[in-house]
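When you number the sequence shown by my numbering, it's gap-free, plus one each residue, and the end is 814.
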Amino acid sequence: RPNAWRYRDWVIKALNTDLPYNRFVRLQIAGDQVHPDDPEAATATGFLLAGQDMPDINLLAERRHMLLNEMTATVGSVFLGLTLGCAQCHDHKSDPVSQREFYRMRAFFESDLQLEEVKLGGINVRTMRNGKVSATHIMTRGDFRRPGDKVQAGFPKIVNTVKSRPIKGTRTELAVWLTHPENAPAMRLFANRLWLRHFGRTFASPGDFGTLGEPPTHPDLLDWLATELPRRKWSLKAMHKLIVTSATWRQASRDCGNDPAWEKRLKADQSNRLWSRQGRRRLTGEMLRDALLSCSDSLSQRKGGPGVRPQLPKEITVTLLRNQWQVSKDEVDHRRRSIYLFARRNLRYPLFDLFDRPALAETSALRSVSTTAPQSLALLNSSFVVQRAKELARRAADGNATPVESIRFCYRRVLGRLPRQEEMAGALQLVDRDDNPGQGLADLVLALFNFNEFIYID
357 RPNAWRYRDW VIKALNTDLP YNRFVRLQIA GDQVHPDDPE AATATGFLLA
407 GQDMPDINLL AERRHMLLNE MTATVGSVFL GLTLGCAQCH DHKSDPVSQR
457 EFYRMRAFFE SDLQLEEVKL GGINVRTMRN GKVSATHIMT RGDFRRPGDK
507 VQAGFPKIVN TVKSRPIKGT RTELAVWLTH PENAPAMRLF ANRLWLRHFG
557 RTFASPGDFG TLGEPPTHPD LLDWLATELP RRKWSLKAMH KLIVTSATWR
607 QASRDCGNDP AWEKRLKADQ SNRLWSRQGR RRLTGEMLRD ALLSCSDSLS
657 QRKGGPGVRP QLPKEITVTL LRNQWQVSKD EVDHRRRSIY LFARRNLRYP
707 LFDLFDRPAL AETSALRSVS TTAPQSLALL NSSFVVQRAK ELARRAADGN
757 ATPVESIRFC YRRVLGRLPR QEEMAGALQL VDRDDNPGQG LADLVLALFN
807 FNEFIYID
């Protein structure tokens, strides 16, 4: 997909410029219809085309059926918190969503998905554009070869809290409905995930507001945040500021010695379900890689453009087919932010894989967090991490810096603080034990990279 990076760049630009959230969603669902002459608006609809595709399928009807089902299920999961995909073959087993309602939702996309027999790099191109009106049928048992009753476009009844109006079945109508202030499920889902981004946990299940999802711990707060977004002109930055300036966000995660009620609150809320204190969150693999590059002053500031491919470990490259991972020629690109790394569904970057990056085959509302031995081994032995340690050690030892000054510099860069007295004594022993002081300092930095204090946001 040679142009997939354009959608990624559009998302980054939209967030940086604080594009109102309602427009942010509408452009991704129907940008090509809302602004037909704007190439950027058409790029935004790349969201709908980011799912799995199998262009080598012999039957275009089967390929189109799979794409439409994936598109419908993803929109339902991302914007409504419903597992709509469970109803493509039969009525939902746990939620009041029928198979008919799944295909009514799918009808919004039916007419516009065009599969063209145009070759681009040996691949059949697929596009979103206004096409001829296509009838939508319920596919018996989900089989594309067994069309059943014809259905019209419509919203799932269980989540339709917007006053009814005639529906023509366009994606623009769907986009407007998804961002309507009266669409309570969509607004609550947004507020739930916004809280997740800041606290690492949600009020309720992050991706399933159905019967099997957990009920919210703070329903009144969730409702208030959901209604606050349109009141703040749909500004995401305003919502971020609202949360990070709150008393809940500014709590400490541990007893700092000046809170007489700490033990009482800790006993009453041991699992921190009620947010009686700040929680600890581990960096994602992408954050960790960026932090390693940043604190060693190696991070490239280049932005945008096609995804880059840094060097992979030898144990990975020997298993690849020829040209499956063509390393980017410019070495500076190897040190770009992780968001710009080329992503393959069948070849995950090793560091990201170790630190629980979800599979790229489907959307993921919440990442799992594991603690495994390979994570520590990678942070101690990975050539990428070792190189970052050497770069920071060289920078710390520049000029006439004394060992104490170099150690203090490394602590500030990696942990954001100076070493304690006992830490300084141990660090000096480590730095001085080697005939090559530079190697001793690099070993110290490597140890700092493995501190929980570096890997976790406390």
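No residue lacks a Cβ here, since even glycine has one placed at the ideal position from N, Cα and C.
None of these values were measured; they are calculated from a predicted model.
Inter-residue spacing [alpha-carbon to alpha-carbon] between residue i and residue j
i, j, result
"N806", "S720", "27 Å"
"R606", "R773", "19 Å"
"S520", "K506", "21 Å"
"T728", "M643", "18 Å"
"V474", "L735", "With a pLDDT of only 49 at V474, under the threshold of 50, the placement of this residue in the model should not be trusted; the figure read from the coordinates follows. Their Cα atoms are separated by approximately 45 Å."
"L622", "A531", "44 Å"
"P759", "V725", "37 Å"
"L716", "G782", "43 Å"
"R637", "E457", "39 Å"
"I494", "Q657", "50 Å"
"V674", "S602", "51 Å"
"V367", "V434", "15 Å"
"A647", "T517", "43 Å"
"S467", "N378", "24 Å"
"Q508", "D653", "57 Å"
"A370", "K659", "14 Å"
"R419", "F464", "18 Å"
"P666", "Y812", "25 Å"
"E584", "V453", "29 Å"
"N756", "A745", "20 Å"
"G498", "R701", "25 Å"
"I599", "L748", "34 Å"
"Q389", "H574", "38 Å"
"R364", "L577", "32 Å"
Beta-carbon proximity check, residue i vs residue j, cutoff 8 Å
i, j, result
"L375", "P541", "no"
"N425", "Q444", "yes"
"R549", "P537", "no"
"L668", "W681", "yes"
"M543", "P512", "no"
"A429", "G402", "no"
"L438", "D451", "yes"
"R704", "R693", "no"
"L639", "R691", "no"
"T399", "R357", "no"
"A386", "T567", "no"
"P571", "A582", "no"
"L534", "V381", "yes"
"R750", "G796", "no"
"G510", "I523", "yes"
"R764", "L707", "no"
"L404", "M427", "yes"
"K397", "L383", "The amino acid at residue 397 is misidentified as Lys; the sequence shows Ala. It is a contact, given that the beta carbons lie within the stated cut-off."
Simplified DSSP assignment, three categories, for residue i
i, result
"T399", "helix"
"I811", "helix"
"Q470", "strand"
"R789", "coil"
"R751", "helix"
"V725", "coil"
"R678", "coil"
"R587", "helix"
"L476", "The pLDDT assigned to L476 is 45, lower than 50, so where the model puts this residue is not dependable; a value taken from the coordinates is nonetheless given after this. Strand, per DSSP."
"R764", "helix"
"L774", "coil"
"L405", "coil"
"V741", "helix"
"L668", "coil"
"R658", "coil"
"L568", "coil"
"L577", "helix"
"R713", "coil"
"L703", "strand"
"L416", "helix"
"R638", "strand"
"L299", "Here the chain comprises residues numbered 357 to 814, so residue 299 is not present and cannot be evaluated."
"L424", "helix"
"L735", "helix"
Three or more C-beta pairs below 8 Å linking the region 597-615 and the region 629-646: Yes, the region 597-615 touches the region 629-646.
The region 733-747 touching the region 777-791, judged by at least three CB pairs closer than 8 Å: Note that the region 733-747 does not touch the region 777-791; fewer than 3 beta-carbon pairs, one per stretch, sit closer than 8 Å.
Ordered list of beta strand (DSSP E) runs contained in the region 487-549, each at least 3 residues: Counting only runs of 3+ residues, the beta strand (DSSP E) found wholly inside the region 487-549 occupies 492-495, 503-507, in chain order.
The region 792-806 in contact with the region 760-770 per 3-pair CB rule at 8 Å: The region 792-806 vs the region 760-770: in contact.
Alpha helix (DSSP H) runs contained entirely in the region 592-623, provided each spans 4 or more residues: If we require 4 residues or more, the alpha helix (DSSP H) runs fully inside the region 592-623 come out as 592-600.
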